[in-house]
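Peer 1: Numbering (the numbering used here), first residue to last: 206 to 319.
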Amino acid sequence: MDNCIFCKIIEGIIPSTKVYEDEYCVAFRDINPQMPVHIVVTSKKHVPSVLGFTEDEKDILGGIQLAIAKIARQEGLVENGFRVVNNCGRDACQSVPHIHYHILAGGNMGERIV
Ligand code: AMP
Ligand code: ZN
């Protein structure tokens with residue numbers, strides 16, 4: 206989609222530090238990390254948020270979940286654990302309207318949020 210920063214990253218028009226790619230998603234290091242490990246996992250298909258998927262796109266959603274587990278193993282996050290965050294809409298401060306999940310790790314995050 207034109208003017209979508211994550212579509213441009215997926216297409217290679219904007220550079221990123223890619224850590225994983227498969228038929229459903231691309232994962233890259235967040236440009237403004239909020240934890241020592243901060244990876245963005247985003248759908249190759251432009252969908253604005255989790256609200257935008259249809260019943261026949263369950264394979265994409267399942268593919269992303271499996272990719273998150275693969276990335277966690279690949280990046281050595283299994284032993285100490287990690288957090289997965291999806292921001293959706295205004296109150297969650299979603300800033301890029303292309304579905305993505307944050308993988309956060311590398312230190313204790315406390316019990317809030319969440
Ligand atoms: P959100 O606020 O949940 O929409 O998350 C968007 C995330 O994308 C933020 O954590 C940004 O730091 C990150 N981000 C924005 N532009 C880039 C970029 N060019 N490369 C990597 N991460 C980015
Ligand atoms: Zn997009």
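Beta carbons are placed, not taken as given, at the ideal position from N, Cα and C, and that holds for glycine.
Anyone know if the C-beta pair for Ala-310 and Leu-266 falls short of 8 Å?
Peer 2: Here residue 310 refers to the residue found at position 105 when the sequence shown is read from its first residue. Here residue 266 refers to the residue found at position 61 when the sequence shown is read from its first residue. Result no, Cβ atoms of Ala-310 and Leu-266 do not sit closer than 8 Å.
Peer 1: Under 8 Å between the Cβ atoms of Ile-304 and Ser-248?
Peer 2: In the sequence shown, the residue the question calls residue 304 occupies position 99. In the sequence shown, the residue the question calls residue 248 occupies position 43. For Ile-304 and Ser-248, yes; Cβs fall inside 8 Å.
Peer 1: Rounded C-beta distance between Phe-233 and Lys-223? I'm assuming under 8 Å.
Peer 2: Reading the sequence shown from its first residue, position 28 is the one you call residue 233. Reading the sequence shown from its first residue, position 18 is the one you call residue 223. About 5 Å; that satisfies the 8 Å criterion.
Peer 1: Can you tell me the Cα-Cα spacing of Phe-258 and Val-252, whole angstroms?
Peer 2: Along the sequence shown, one-based indexing puts residue 258 at 53. Along the sequence shown, one-based indexing puts residue 252 at 47. Distance between the alpha carbons of Phe-258 and Val-252: 7 Å.
Peer 1: How would you write the range of the alpha helix (DSSP H) that Ala-274 sits in, first residue to last?
Peer 2: For this step, residue 274 is matched to residue 69 along the sequence shown. First-last of the alpha helix (DSSP H) with Ala-274: 263 to 279.
Peer 1: Could you tell me how far apart the beta carbons of Gln-279 and Tyr-225 are, in whole angstroms, since I believe they sit closer than 8 Å?
Peer 2: Start at 1 with the first residue of the sequence shown, and residue 279 comes out as number 74. Start at 1 with the first residue of the sequence shown, and residue 225 comes out as number 20. Gln-279 to Tyr-225, Cβ: 7 Å. Contact.
Peer 1: Taking any heavy atom of the ligand ZN as the mark, which residues have a C-beta closer than 5 Å to it, listed down the chain?
Peer 2: Working through the chain, the matches are Met-206, Cys-209, Phe-211, Cys-212, His-251, His-303.
Peer 1: Go to Ile-214, then tell me how far its alpha helix (DSSP H) extends in each direction, as first and last residue.
Peer 2: Mapped onto the sequence shown, residue 214 falls at position 9. Run containing Ile-214: 210 to 216, per the alpha helix (DSSP H) assignment.
Peer 1: Taking 7 Å as the cut-off, is the beta-carbon of Ser-300 closer than that to any non-hydrogen atom of the ligand AMP?
Peer 2: As a first step, residue 300 must be located in the sequence shown, where it is residue number 95. Checking the Cβ of Ser-300 against the ligand AMP gives yes.
Peer 1: Per DSSP, Ser-248 forms a beta bridge with which residues?
Peer 2: Residue numbering aside, residue 248 sits at position 43 when the sequence shown is read from its first letter. The partner list for Ser-248 (beta bridge, DSSP) reads Cys-230.
Peer 1: Here's a check: name, in chain order, each residue in its chain whose Cβ is nearer than 8 Å to the Cβ of Lys-213, leaving out the five neighbours to either side.
Peer 2: The residue you call residue 213 lines up with position 8 of the sequence shown. Excluding positions up to five away in sequence, the list reads Ile-219.
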